[in-house]
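Encoded as structure tokens, the structure appears first; notes follow it.
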Amino acid sequence: MRLYNTMSRRLEEFAPSGDEVKIYVCGITPYDRAHLGHAMSYIIFDVLRRYLEFLGFRVKHVQNYTDIEDKLIMRANAQGVPVSELATRYIEEFDEEMRELNITPAHLFPRATQEIPTIIEMIEGLVEKGHAYQANGDVYFRVRSKSDYGKLSGRDVDSMRAGARVEPGERKEDPADFALWKGAKEGEPSWESPWGPGRPGWHIECSAMSFRYLGETLDIHGGGQDLIFPHHENEIAQSEAYTGTQPFVRYWLHNGWLTFGEEKMSKSLGNIITIREGLEKYGADGVRLFVLTSHYRSPLSYSEEALESGKRAAERLRLAATLPGGNGPPADVPVEAYRERFVEAMDDDLNTPEALAALFDLARDLNRARDEGRAIEEPQATLHELAAVLGLTLREPETAMGAAPFIDLLVRLRNDLRAAKQFEQADRVRAGLGELGITLEDGPEGTRWRRG
RNA sequence: GGCGACGUAGCCAAGUGGUUAAGGCAGGGGUCUGCAAAACCCUGAUCGGGGGUUCGAAUCCCCCCGUCGCCUCCA
Numbered sequence: 004m005r006l007y008n009t010m011s012r013r014l015e016e017f018a019p020s021g022d023e024v025k026i027y028v029c030g031i032t033p034y035d036r037a038h039l040g041h042a043m044s045y046i047i048f049d050v051l052r053r054y055l056e057f058l059g060f061r062v063k064h065v066q067n068y069t070d071i072e073d074k075l076i077m078r079a080n081a082q083g084v085p086v087s088e089l090a091t092r093y094i095e096e097f098d099e100e101m102r103e104l105n106i107t108p109a110h111l112f113p114r115a116t117q118e119i120p121t122i123i124e125m126i127e128g129l130v131e132k133g134h135a136y137q138a139n140g141d142v143y144f145r146v147r148s149k150s151d152y153g154k155l156s157g158r159d160v161d162s163m164r165a166g167a168r169v170e171p172g173e174r175k176e177d178p179a180d181f182a183l184w185k186g187a188k189e190g191e192p193s194w195e196s197p198w199g200p201g202r203p204g205w206h207i208e209c210s211a212m213s214f215r216y217l218g219e220t221l222d223i224h225g226g227g228q229d230l231i232f233p234h235h236e237n238e239i240a241q242s243e244a245y246t247g248t249q250p251f252v253r254y255w256l257h258n259g260w261l262t263f264g265e266e267k268m269s270k271s272l273g274n275i276i277t278i279r280e281g282l283e284k285y286g287a288d289g290v291r292l293f294v295l296t297s298h299y300r301s302p303l304s305y306s307e308e309a310l311e312s313g314k315r316a317a318e319r320l321r322l323a324a325t326l327p328g329g330n331g332p333p334a335d336v337p338v339e340a341y342r343e344r345f346v347e348a349m350d351d352d353l354n355t356p357e358a359l360a361a362l363f364d365l366a367r368d369l370n371r372a373r374d375e376g377r378a379i380e381e382p383q384a385t386l387h388e389l390a391a392v393l394g395l396t397l398r399e400p401e402t403a404m405g406a407a408p409f410i411d412l413l414v415r416l417r418n419d420l421r422a423a424k425q426f427e428q429a430d431r432v433r434a435g436l437g438e439l440g441i442t443l444e445d446g447p448e449g450t451r452w453r454r455g
């Protein structure tokens, strides 16, 4: 499989360094509800993981929660609740949404606040080696102590100086230096440390957690493109300076943006559609189709029409995979050819649009065979299997099931009317169910109904 | 200013030197159906604009137009 490595800016053949693939994906800072942009990112890395496992790799996947951070503190103080409570609330919500999106859980979900000893140990090591220094209870990373700083994002320290932010009261040696540890301020949660009470800076938690759970070198580190700088750049600096081992990460993967109209969808712009809303309107498969019909490194633009299109497309695949075939001879759908097409597309830097095109062609082929009355178990099994690699369940949303007996009753009533050629009344029943979101389909084997 | 991305049918979106430019959604025509729905069949683009390289370019080079992202909040 070839993957685009942000570090080399090229496609590279992927091979893990050991007998398992070590993946670290940057998780959320749980200070607000998650939106479709987050869904996009985690769907993409879920597909990466599923595909690696499909290829037979053993994967160890770690995803963190940055549950201590400026915005989290501000938000918690504004609401008058402890930071930990606010974080836990959004983490639980996020977990549930990930579950509903059918995202395979990471093997470990460490939280920054539960890794303070590792973080302190790492900062101490950096200070000892001269890569970090203490100033007023803060500790900063000395960017100039690492000559290759900027290698991921393609910038050099000198050209960054003009734009670097220095907060009043900070005692940085260089404006580009960044905080590893922040001395406690009034009203902030804090932990004891050799530099006095304080809390970790933004980037160190990921270095600490990835080191503790995956070791000095990761195979794959993923996240959104906005994390390239400064977050991932700083992680590299810290981790490589601390361990003395290069590289920290062998393959850097970054997904493109979800945009809203022409702008990036982000919390700070306030133009977000929450995951909850997406799930309710379009279903998990619909949201996944929306995301996966575009290549992961390209920007993806939100529109109701595009999501609706994803929902309809998911329905098409679902019906193809689930409606029963006939009793005739087995269909001669070339499933191996479709499988090869799928694998070839996925091998090419996770080209999910191409992979999906193969699934849609398989679906058409299979539908044609069903129309001919052939047995279609084999192509359906293949469709299910490959769709699962993309995390698609192809299952009907499990809602309104309590209403099923009543719907069945109405369907029987309508069929009595049809048998009596009372079509006007029969159509009224169908239209009424339609308004309630139930679609009826009459076929040779009787009437079936579905949502949507 | 520095670094980067993008512009392909009504919409979303693959394809990055060579068969008729994937696929999805929407639309039109047809088959099936009591009528529908679903499904199937048929149906649409010469690839932002201009110039160049080449036997041959959506794909490479140059110029222009337009859009967006990052540059220490952000998946």
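Residue numbers (the working numbering): 4 to 455.
Glycine included, each C-beta is placed from N, C-alpha and C at the ideal position.
Quick caveat, the model's predicted, so the values are computed rather than measured.
Cα-Cα separation, residue i to residue j
i           : j           : result
residue 462 : residue 443 : In the structure displayed, the chain extends from 4 to 455; residue 462 sits before or after that span and is not available.
residue 454 : residue 214 : 47 Å
residue 492 : residue 71  : Because the chain in this structure spans residues 4 to 455, residue 492 falls outside the shown range and cannot be described.
residue 69  : residue 405 : 40 Å
residue 293 : residue 106 : 15 Å
residue 212 : residue 392 : 28 Å
residue 126 : residue 239 : 14 Å
residue 166 : residue 153 : Residue placement at residue 166 cannot be trusted, given a pLDDT of 48 that sits under 50; what the coordinates show is reported in the next sentence. Computed Cα separation, rounded: 15 Å.
residue 10  : residue 259 : 16 Å
residue 100 : residue 278 : 7 Å
residue 1   : residue 417 : For residue 1 there is no data in the structure shown, the boundaries of the chain being 4 and 455.
residue 386 : residue 377 : 16 Å
residue 340 : residue 291 : 24 Å
residue 348 : residue 388 : 16 Å
residue 96  : residue 35  : 10 Å
residue 400 : residue 288 : 9 Å
residue 52  : residue 83  : 39 Å
residue 73  : residue 200 : 16 Å
residue 30  : residue 316 : 29 Å
residue 112 : residue 67  : 5 Å
residue 447 : residue 327 : 12 Å
residue 233 : residue 342 : 40 Å
residue 452 : residue 382 : 23 Å
Whole-number beta carbon distance between residue j and residue i, since they are thought to touch under 8 Å
i           : j           : result
residue 257 : residue 237 : Actually they are not in contact, since the Cβ atoms of residue 257 and residue 237 sit about 15 Å apart, beyond 8 Å.
residue 320 : residue 390 : 6 Å
residue 220 : residue 253 : 7 Å
residue 223 : residue 24  : 7 Å
residue 217 : residue 65  : 6 Å
residue 296 : residue 353 : Residue 296 to residue 353, Cβ: 13 Å. No contact.
residue 42  : residue 281 : 6 Å
Among the options, the one whose alpha carbon lies nearest that of residue i
i           : options               : result
residue 141 : 318, 187, 153 and 364 : 187
residue 460 : 394, 25, 219 and 361  : The displayed coordinates of the chain run from 4 to 455. Any statement about residue 460 would go beyond what the structure contains.
residue 251 : 134, 155 and 417      : 155
residue 208 : 23, 437, 27 and 227   : 27
residue 263 : 23, 16, 31 and 38     : 38
residue 357 : 345, 367 and 98       : 345
residue 1   : 148, 324 and 61       : Beyond the ends of the chain as shown, which are 4 and 455, falls residue 1; an answer cannot be given.
residue 61  : 85, 90 and 20         : 20
residue 461 : 181, 17, 108 and 284  : Residue 461 falls outside the range modelled here, since the chain spans only 4 to 455, and no answer is possible.
residue 110 : 379, 22, 63 and 371   : 63
residue 151 : 388, 95, 242 and 118  : 242
residue 22  : 78, 332 and 59        : 59
residue 185 : 407, 202 and 197      : 202
residue 46  : 379, 226, 234 and 267 : 226
residue 178 : 195, 145 and 44       : 145
residue 368 : 400, 398, 399 and 335 : 335
residue 322 : 379, 281, 355 and 280 : 379
residue 176 : 192, 143, 183 and 197 : 143
residue 189 : 80, 196, 119 and 112  : 80
residue 283 : 7, 85, 103 and 54     : 103
residue 55  : 351, 117, 196 and 427 : 351
residue 48  : 16, 161, 355 and 419  : 355
residue 40  : 382, 300, 419 and 267 : 267
residue 132 : 139, 245 and 92       : 245
residue 235 : 375, 210 and 440      : 210
- request: Identify every run of the beta strand (DSSP E) within the region 164 to 226, keeping only runs that are complete inside it and at least 3 residues long; order them along the chain.
  value: Counting only runs of 3 or more, we get 181 to 186 and 201 to 203.
- prompt: Of all the alpha helix (DSSP H) runs that stay within the bounds of the region 315 to 393, which reach a length of 4 or more residues?
  reply: Qualifying alpha helix (DSSP H) stretches, in chain order: 338 to 350, 355 to 374 and 380 to 392.
- request: Determine, using beta-carbon pairs with one atom in the region 357 to 377 and one in the region 409 to 423, whether at least three such pairs fall under 8 Å.
  value: Touching, no, given that fewer than three Cβ pairs across the two stretches are closer than 8 Å.
Complete runs of the alpha helix (DSSP H) confined to the region 79 to 146 [at least 4 residues]: For the alpha helix (DSSP H) assignment, the uninterrupted runs of no fewer than 4 residues enclosed by the region 79 to 146 are, from N- to C-terminal side, 86 to 103 and 119 to 131.
query: Does the region 325 to 332 come close enough to the region 301 to 316 that 3 or more CB-CB pairs lie under 8 Å?
result: Not touching, per the Cβ criterion.
field: Entirely enclosed alpha helix (DSSP H) segments - the region 14 to 81, minimum 4 residues
entry: Complete alpha helix (DSSP H) runs here, min 4: 39 to 57.
message: Which runs of the beta strand (DSSP E) at least 3 residues long sit entirely within the region 227 to 277? Give them in chain order.
response: Taken in chain order, the complete beta strand (DSSP E) segments of 3 or more residues contained in the region 227 to 277 are 252 to 258 and 261 to 263.
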